[in-house]
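Novice: Let me begin by handing over the structure; questions about it come next.
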Amino acid sequence: MVVNEAPWLTRRLEIVFMIAMFLICLLSDALKCKNGNAFFCIGGSSAMCERDANAFWCDDMVLPPTPGDDTARCECTAHNNSLLLVHMVEVGPSLTSVPAIKSIRRNNRYLYRIPIAPLVVSALRNRTGTFITSNTTDGIFGARLFAPLRRSVGLDSPVLGKCTKNTSSLNISYSFDNLLLSPSSSSLLRGTESMIPFKNDRFALQKHLPNLQRVFGQLLLRRSTELESDRGSCLNAHLVIVIAVVPGTQTAWINKNAEAVPTTLLDVNTYVKKTISLYLRKKPRYIRLLKNVWFVGIPIGFPVHRDFNFSTDSTVSQSTSDHGSGEKKENSPTTVGDFPFNVCHPGVEKLELCREMCQHYGKQVSQYQAANSGLQKATETIGGRVGQRSFFLLYRDHFNTESYFERSYWKDCFQLSINGSSAMARSVASSLF
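Each residue of the sequence shown is one higher than the last, beginning at 1 in UniProt numbering.
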């Protein structure tokens, strides 16, 4: 009969071994979280980011997966009770900043920029309605880039298995917040930081993103109502935050070097994303309502009108297209390079101001071209999926200056009219499909 002469030593070795394994697992999970390879870490992403909110892996809002059996998933698919919440955040100046034009300062004539966020939301709602299904072709987030998003929110057709229904459905709603920055800010990034400060504040959503706060309020009300029925447990809400940074008109306000403007625009997008993630982490009650949080950044550059040259005399036939209906129509031949004269026609509301704006535009158009070119190269380099839960799309000319000319779309060489802003909004909305 074998007798263990030192049972105390065996127990100590077991304890040491257990502690060592725990530390190894803890370190392994921490490294996975740091490298963005895990859906969640020990203690949850909120706990990790509470210690180091500026860490790059905290830019995204990663929620732990919710376990569930096949039967429960099938029942929820049959209820059609899931929600896709698309919230757009627009960042940009409230005014068109043109300090070089003395008459504007003298007459106190401010040029207010038309926010595009409500127009983009309207364009999205008109295109998708309030209900989408997984088998819809060319639907929202239907591009190959968005495949991970589609899988996580349930827009991919489920594998049948025990389910009798192979089509999942989502109720979709849209909302927006405008972060209109003061032109008195020293820069675009500084203005953004002052508008939505990066700090722990449990009331930050209510202060800085009131419409997003309202979305959660409505979601809480809906959850409390449906918990009384068997559909309450199937209220799966997925949040997609679309960020659009509209640079305005002054390249110097964004970055004194026009070629470095894209870097600043990308920095602003990242700052907004990580700040919203921080705000959400301070609201565990809201987080419990969500299954996923995704971010989509849309780059927007400057208007660069084709062949902006006063001395060119050749003519071309221009065409316009309605992105909503797909119809095209021909305009009368327009003199290439005579864009200012076509916009600032005698029937314009403020002819003198229009001409002054176009003269000022002519002095900056080369900087706009450099900034747009840099933005295109930057997005081609880093664009696509830029985080575990975030995308940054490739650059497109949402002003459509290369495609067609429509005089009614412009107030002057800088500013879009309401018609032009609506056309731009449709272009921005189409980039999500």
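For each residue, glycine too, the CB sits at the ideal point set by N, CA and C.
Between the segment 243-257 and the segment 125-136, do at least 3 Cβ pairs fall closer than 8 angstroms?
Specialist: They do not touch, by the three-pair rule.
Novice: Buried or exposed: E349, going by 16 or more other Cβ atoms within 10 Å of its Cβ?
Specialist: The count along the sequence shown starts at 1 and reaches residue 349 at position 349. Exposed is the call here.
Novice: Compute the Euclidean distance between the alpha carbons of L179 and A204, then round it to the nearest angstrom.
Specialist: The sequence position of residue 179 within the sequence shown is 179, counting from 1. The sequence position of residue 204 within the sequence shown is 204, counting from 1. Using only the alpha carbons, I get a separation of about 13 angstroms.
Novice: Which of the three DSSP states, helix, strand or coil, is assigned to N178?
Specialist: As a first step, residue 178 must be located in the sequence shown, where it is residue number 178. DSSP places N178 in strand when its eight states are reduced to three.
Novice: Hey, S175 and V245: beta-carbon distance below 8 angstroms or not?
Specialist: Residue numbering aside, residue 175 sits at position 175 when the sequence shown is read from its first letter. Residue numbering aside, residue 245 sits at position 245 when the sequence shown is read from its first letter. For S175 and V245, no; Cβs fall outside 8 angstroms.
Novice: Quick one: grab the DSSP three-state call for G191.
Specialist: Counting from 1 along the sequence shown, the entry for residue 191 is found at position 191. In the structure shown, G191 sits in a helix (DSSP, three-state: H, G or I).
Novice: Roughly how many angstroms separate the alpha carbons of N372 and E259, rounded to a whole number?
Specialist: On the sequence shown, residue 372 is found 372 positions in, with the first residue counted as 1. On the sequence shown, residue 259 is found 259 positions in, with the first residue counted as 1. Answer to the nearest angstrom: the Cα atoms are 9 angstroms apart.
Novice: Can you tell which of W253, I241, N269, G297 has the C-alpha that lies nearest to the C-alpha of L280?
Specialist: The residue you call residue 280 lines up with position 280 of the sequence shown. Of W253, I241, N269, G297, the residue nearest in Cα terms is I241.
Novice: Could you name each continuous beta strand (DSSP E) segment of 3 residues or more that falls completely within the segment 252-302, going from the start of the chain to the end?
Specialist: Correct list: 290-299.
Novice: Could you name the residues that DSSP lists as bridge partners for W410?
Specialist: Numbered from 1 along the sequence shown, position 410 holds the residue referred to as residue 410. Looking at the DSSP assignment, W410 forms a beta bridge with L416.
Novice: What do you get for E90, buried or exposed, if any count of 16 or more other CB atoms within 10 angstroms of its CB means buried?
Specialist: In the sequence shown, residue 90 corresponds to position 90, counting from 1. It counts as buried.
Novice: Counting only the same chain and skipping the five closest in sequence on each side, list residues whose C-beta sits under 6 angstroms from that of N80.
Specialist: Translated into the one-based positions of the sequence shown, residue 80 becomes position 80. Only S169 meet the Cβ criterion.
Novice: The alpha helix (DSSP H) with M357 in it runs from where to where?
Specialist: On the sequence shown, residue 357 is found 357 positions in, with the first residue counted as 1. It spans 351-382 - the alpha helix (DSSP H) in which M357 sits, taken as one unbroken run.
Novice: Note down, in chain order, each residue of its chain lying with its Cβ closer than 7 angstroms to the Cβ of V428, except the 5 sequence neighbours on either side.
Specialist: Within the sequence shown, residue 428 is the residue found at index 428, counting from 1. I116, V120, A244, I298, H398, listed in sequence order.
Novice: In angstroms, rounded to a whole number, what distance separates the CA positions of N342 and L266?
Specialist: Translated into positions along the sequence shown, residue 342 becomes position 342. Translated into positions along the sequence shown, residue 266 becomes position 266. So the two alpha carbons sit approximately 34 angstroms from each other.
Novice: Using a Cβ-Cβ cutoff of less than 7 angstroms, which residues in the same chain neighbour F422 once the five nearest sequence positions on both sides are dropped?
Specialist: Reading the sequence shown from its first residue, position 422 is the one you call residue 422. Sequence inspection shows Ser at residue 422; the Phe mentioned does not correspond to that position. The answer, listed in chain order, is L119.
Novice: My output table needs one value for H398: the three-state DSSP class, helix, strand or coil.
Specialist: Taking the first residue of the sequence shown as position 1, residue 398 is located at position 398. If DSSP states are grouped into helix, strand and coil, H398 belongs with coil.
Novice: Judging by CA-CA distance, which residue of S82, L181, H360 is the nearest neighbour of G154?
Specialist: Looking up residue 154 in the sequence shown gives position 154. That would be S82, whose Cα lies nearest to the Cα of G154.
Novice: Going straight from the alpha carbon of E330 to that of R144, what length do you get?
Specialist: Within the sequence shown, numbered from 1, the residue matching residue 330 stands at position 330. Within the sequence shown, numbered from 1, the residue matching residue 144 stands at position 144. Here the model assigns E330 a pLDDT of 41, short of 50, so the residue's position is not dependable, and the following value carries that caveat. Roughly 34 angstroms separates the two Cα atoms.
Novice: For L394 and L13, I'd like the C-alpha separation in whole angstroms.
Specialist: What you label residue 394 is simply residue 394 of the sequence shown in a count that begins at 1. What you label residue 13 is simply residue 13 of the sequence shown in a count that begins at 1. The alpha-carbon atoms of L394 and L13 are separated by roughly 57 angstroms.
Novice: Apply the 10 Å Cβ neighbour rule to F141 and answer buried if 16 or more other Cβ atoms are within range, or exposed otherwise.
Specialist: Locating residue 141 in the sequence shown gives position 141, counting from the first residue. It is buried - the Cβ of F141 has at least 16 other Cβ atoms within 10 Å.
Novice: Do you know how far the Cα of L189 is from the Cα of S277?
Specialist: The residue labelled residue 277 in the question sits at position 277 within the sequence shown. The residue labelled residue 189 in the question sits at position 189 within the sequence shown. Near 18 angstroms, if we compare the C-alpha coordinates of L189 and S277.
Novice: Does DSSP put H208 in a helix, in a strand, or in coil?
Specialist: To locate residue 208, count along the sequence shown from 1; it is residue 208. Looking at H208 - three-state DSSP - the assignment turns out to be helix.
Novice: Whose CA, out of C344, A237, R125, V268, lies closest to the CA of K411?
Specialist: Residue mapping note: residue 411 aligns to position 411 of the sequence shown, counting from 1. It is C344.
Novice: In chain order, what residues of the same chain have a beta carbon less than 6 angstroms from the beta carbon of P262, not counting five sequence neighbours either side?
Specialist: Indexing the sequence shown from 1 puts residue 262 at position 262. So the qualifying residues of the chain are G374, L375, A378.
Novice: What is the residue span of the alpha helix (DSSP H) that T128 lies within?
Specialist: Counting from 1 along the sequence shown, the entry for residue 128 is found at position 128. Unbroken alpha helix (DSSP H) run through T128: 117-128.
Novice: How many angstroms separate the CA atom of Q218 from the CA atom of C76?
Specialist: Residue mapping note: residue 218 aligns to position 218 of the sequence shown, counting from 1. Residue mapping note: residue 76 aligns to position 76 of the sequence shown, counting from 1. Rounded to the nearest angstrom, the two C-alpha atoms are 21 angstroms apart.
Novice: Apart from the five residues just before and just after E50, which ones in its own chain have a Cβ nearer than 8 angstroms to its Cβ?
Specialist: The count along the sequence shown starts at 1 and reaches residue 50 at position 50. R281.
Novice: Whole angstroms is fine: what's the gap from L351's alpha carbon to K283's?
Specialist: Reading the sequence shown from its first residue, position 351 is the one you call residue 351. Reading the sequence shown from its first residue, position 283 is the one you call residue 283. Their Cα atoms are separated by approximately 51 angstroms.
Novice: Nearest CA to the CA of P183: which residue from S224, L95, R222, A123?
Specialist: Numbered from its first residue, the sequence shown carries residue 183 at position 183. Of S224, L95, R222, A123, the residue nearest in Cα terms is L95.
Novice: Look at the Cβ atom of F198, then the Cβ atom of T275, and state whether they are nearer than 8 angstroms.
Specialist: Here residue 198 refers to the residue found at position 198 when the sequence shown is read from its first residue. Here residue 275 refers to the residue found at position 275 when the sequence shown is read from its first residue. Contact: yes.
Novice: DSSP has V428 in a bridge; who is on the other side?
Specialist: Taking the first residue of the sequence shown as 1, we reach residue 428 at position 428. In DSSP, V428 forms no bridge with anything.
Novice: Residues in the same chain with beta-carbon distance under 7 angstroms from L416, minus the five sequence neighbours each way, listed in chain order, please.
Specialist: Here residue 416 corresponds to residue number 416 of the sequence shown, with the count starting at 1. Excluding sequence neighbours, L416 sits near I114, Y409, W410, M424.
Novice: With DSSP as the reference, label residue 508 as helix, strand or coil.
Specialist: Outside the shown range of the chain (1 to 433) lies residue 508, about which nothing can therefore be said.
Novice: So, under 8 angstroms CB-CB, N292 and L111 are touching, yes? Tell me the CB distance rounded to an integer number of Å.
Specialist: Numbered from its first residue, the sequence shown carries residue 292 at position 292. Numbered from its first residue, the sequence shown carries residue 111 at position 111. With a Cβ gap of about 40 angstroms, N292 and L111 do not count as contacting.
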